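Numbering (our numbering), first residue to last: 21 to 282.
Where a beta carbon is used, it is the ideal one built from N, C-alpha and C, also for glycine.
All values derive from a computational prediction rather than experimental measurement.
To start, the structure itself, in structure tokens.
Pasting the structure below:
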């Protein structure tokens with residue numbers, strides 16, 4: 021028997037303790053920092069929880085995280101049908117998530133993908149020795165929130181949410197009172213820190229601003245926790261080399277995917 025329901029708080033707490041954080045970082049963020057704004061849609065087979073879709077509605081696109089113990093136990097069409105019912109999303113809606121290799125294969129087997137997947141590396145900081153010491157950047161203050169939001173959106177930072185400026189520190193570099201580089205965090209919490217939205221205007225690349233910003237943000241993360249992460253597209257080789265130079269190593273290789281609920 022296959023059944024679906026929104027997960028109870030007790031079940032969410034159990035999952036938070038059970039899952040491998042590094043291999044399921046997106047889903048873990050839904051269970052922790054994003055819990056208050058997330059729905060957790062569970063699939064049960066013979067009373068056993070087999071799969072969960074986490075859903076957040078306040079992104080520019082329908083944002084999901086997916087978790088399952090065994091891909092062979094998941095009834096995908098039934099899960100997607102119930103998810104459409106709960107969220108009110110149309111079967112043609114283009115949704116986004118990040119998947120591991122087995123989960124990606126599951127979605128591909130059911131023809132859910134709408135675009136080719138993009139390889140994405142989740143990297144963890146493990147070595148402080150090569151971090152730069154710099155004070156070139158300044159913390160973004162409230163009166164600059166609108167300007168830095170526009171700067172990051174124009175730079176293609178599609179995962180940036182303006183609310184991150186309120187709950188996380190952001191730093192930027194200005195020239196003639198205009199942002200030329202900026203960056204901050206997706207999450208800034210003792211459970212884990214994730215750097216994000218680090219962007220340099222194309223006219224100012226080659227000056228080491230990205231390396232400097234990444235170093236400063238990593239130093240800030242170290243003040244809270246040893247679990248410091250960032251993500252980068254697998255084909256962005258210059259950025260990957262930079263992050264490795266600063267003491268990051270690959271924790272997980274996953275895929276960013278666009279998919280439908282049918």
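In terms of residue numbering, what span does the alpha helix (DSSP H) encompassing residue 232 cover? As a working mapping, residue 232 is identified with position 212 in the chain shown. From DSSP, the alpha helix (DSSP H) with residue 232 extends over 229-242.
If we ignore side chains and look at the alpha-carbon of each, how far apart do residue 81 and residue 197 end up? Within the chain shown, residue 81 is the residue found at index 61, counting from 1. Within the chain shown, residue 197 is the residue found at index 177, counting from 1. Near 32 Å, if we compare the C-alpha coordinates of residue 197 and residue 81.
Any idea if residue 26 is buried or exposed, counting beta-carbon neighbours within 10 angstroms, 16 or more meaning buried? In the chain shown, the residue the question calls residue 26 occupies position 6. Exposed, since its Cβ has fewer than 16 Cβ neighbours within 10 Å.
Contact the segment 254-272 vs the segment 230-238: 3+ CB pairs below 8 Å: yes
Looking at C-beta atoms only, is the number of pairs between the segment 139-146 and the segment 242-260 that lie closer than 8 Å three or more? yes
Can the beta-carbon of residue 215 be found closer than 8 Å to that of residue 230? The count along the chain shown starts at 1 and reaches residue 215 at position 195. The count along the chain shown starts at 1 and reaches residue 230 at position 210. Their beta carbons are not under 8 Å apart, which means residue 215 does not touch residue 230 by this criterion.
Cβ of residue 197 versus every heavy atom of the ligand HEM: is any distance shorter than 7 Å? As for the ligand HEM, it is missing from this structure, which has no ligand bound.
Please identify the residue among 135, 187, 262, 175 whose C-alpha is closest to the C-alpha of residue 279. As a first step, residue 279 is located in the chain shown; it is residue number 259 there, counting from the start. Among 135, 187, 262, 175, the Cα nearest to that of residue 279 is on 135.
Between the segment 148-162 and the segment 106-126, are three or more C-beta pairs nearer than 8 Å? no
What would DSSP say about residue 198, mapped onto helix, strand or coil? Locating residue 198 in the chain shown gives position 178, where the first residue counts as 1. Three-state DSSP puts residue 198 in a strand.
State yes or no: is the beta carbon of residue 34 nearer than 8 Å to at least one beta carbon in chain B? This model lacks chain B altogether; it includes just one protein chain.
Leaving out five residues before and five after residue 272 in sequence, what residues of the same chain have Cβ atoms less than 8 Å from its Cβ? Numbered from its first residue, the chain shown carries residue 272 at position 252. Here the set comprises 42, 43, 45, 120, 141, 142.
Spatial neighbours of residue 172 within its chain, please: C-beta separation below 8 Å, excluding the five flanking residues on both sides. Translated into the one-based positions of the chain shown, residue 172 becomes position 152. For residue 172, where only same-chain residues beyond five positions count, the Cβ hits under 8 Å are 180, 202, 217, 219.
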